[in-house]
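All residue numbers for the sequence shown refer to my numbering, where the first residue is 122 and numbers rise by one.
Contents: one structure, followed by commentary.
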Amino acid sequence: MSGLAKTVKKGRPLLTLFLLLLLLGSSGLVLQRFIPIPATFLMTTRLIEGEGRDYRWRSLDDISPRLVQAVIASEDATFCAHRGFDMKAIERALKANARSEKRGGARIRGGSTISQQTAKNAFLWPGRDWIRKGLEAGYTVAIETVWGKRRIMEVYLNVAEWAPGVYGAEAAAQHWFGKSADDLTAREAARLAAILPSPRRYSAASPGPYVRRRTSRIQAAMGTVRNDGLASCVLG
Numbered sequence: 122m123s124g125l126a127k128t129v130k131k132g133r134p135l136l137t138l139f140l141l142l143l144l145l146g147s148s149g150l151v152l153q154r155f156i157p158i159p160a161t162f163l164m165t166t167r168l169i170e171g172e173g174r175d176y177r178w179r180s181l182d183d184i185s186p187r188l189v190q191a192v193i194a195s196e197d198a199t200f201c202a203h204r205g206f207d208m209k210a211i212e213r214a215l216k217a218n219a220r221s222e223k224r225g226g227a228r229i230r231g232g233s234t235i236s237q238q239t240a241k242n243a244f245l246w247p248g249r250d251w252i253r254k255g256l257e258a259g260y261t262v263a264i265e266t267v268w269g270k271r272r273i274m275e276v277y278l279n280v281a282e283w284a285p286g287v288y289g290a291e292a293a294a295q296h297w298f299g300k301s302a303d304d305l306t307a308r309e310a311a312r313l314a315a316i317l318p319s320p321r322r323y324s325a326a327s328p329g330p331y332v333r334r335r336t337s338r339i340q341a342a343m344g345t346v347r348n349d350g351l352a353s354c355v356l357g
């Protein structure tokens with residue numbers, strides 16, 4: 122048997138496994154277009170580690186539109202315009218990281234859209250390896266096609282980690298402000314968006330200088346989101 126034939130034969134189990142996972146993933150993707158996400162890899166991992174889990178799924182209709190505006194202003198201003206990937210943001214991130222590496226620093230910036238973050242949070246494990254990034258890209262295309270923008274936003278707001286063991290807008294609003302996600306003020310929504318990059322480090326209820334500055338910028342940008350219709354694909 123030739124070397125090529127041996128390689129192909131050895132690769133068949135992996136290909137079969139990949140196709141099986143793809144089939145199962147596709148079926149789950151269609152179902153999850155309509156039903157709440159039961160759990161994520163991160164939630165399960167944290168629970169096994171003994172952290173606990175506060176996870177309360179809410180329809181997008183039961184989450185303040187101010188939070189939608191805040192996360193678009195903070196995370197992805199072109200959310201309604203792109204098809205899953207913001208190529209300009211990716212290019213800026215690559216240039217910023219290249220400059221940082223030349224100065225001897227670490228990679229400091231990503232270019233992920235809300236769609237990419239949703240794909241990662243809902244289906245994949247944390248990390249930056251190339252396998253996970255490749256799967257993230259595939260799932261991003263899939264949810265943009267199967268789910269649409271409104272469902273992507275609904276899942277994003279429901280599975281995001283907002284404090285250790287606290288997942289989703291409802292649990293976050295109760296944890297930080299003692300109220301429902303439907304009752305968040307513009308300032309509170311901006312604070313929740315402000316801590317999203319590092320929810321295990323920062324506090325939305327008692328913010329330090331960095332979170333206060335970031336909150337003010339996000340709240341100002343929320344006006345642009347409203348006035349320019351940048352959340353129209355979600356809020357109508």
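All C-beta atoms, glycine included, are put in the ideal place defined by N, C-alpha and C.
Check                                                                                                                      : Outcome
Reduced DSSP category for Y331 - H, G, I as helix; E, B as strand; rest coil                                               : helix
Residue burial classification, N242 (beta-carbon count within 10 angstroms, cutoff 16)                                     : buried
Residues near T166 in its chain [Cβ-Cβ closer than 6 Å; skip 5 each side]                                                  : none
Cβ-Cβ separation, V276 to T239 (assumed contact under 8 Å), whole Å                                                        : 5 Å
At least three beta-carbon pairs within less than 8 Å, the stretch 197-208 to the stretch 341-356                          : yes
Backbone CA spacing between A336 and L188 [nearest angstrom]                                                               : Checking the sequence, you will find Thr at residue 336 rather than Ala. So the alpha carbons of these two residues sit roughly 12 Å apart.
Distance CB(I169)-CB(A302) smaller than 8 Å                                                                                : no
Contact set for E309: own chain, Cβ-Cβ below 7 Å, skip 5 residues either direction                                         : F298
Beta-carbon contacts of A342 that lie in its chain and below 8 Å, excluding the five residues immediately before and after : A194, S195, A198
As assigned by DSSP and simplified to three states, the class of E291                                                      : helix
Same chain, Cβ closer than 7 Å to R272, neighbours up to 5 away in sequence not counted                                    : R154
Per-residue DSSP class, three states only, for E282                                                                        : strand
Alpha helix (DSSP H) runs wholly inside the stretch 232-278, at least 4 long, in chain order                               : 235-244, 251-267
Simplified DSSP state of D207, which is helix, strand or coil                                                              : coil
Check whether I316 and A191 have beta carbons under 8 Å apart                                                              : no
The alpha helix (DSSP H) enclosing E196, as first and last residue numbers                                                 : 186-196
Rounded straight-line distance, which links the Cα of S319 to that of P186                                                 : 22 Å
Closest Cα partner of G269 within the set W246, R253, I235                                                                 : I235
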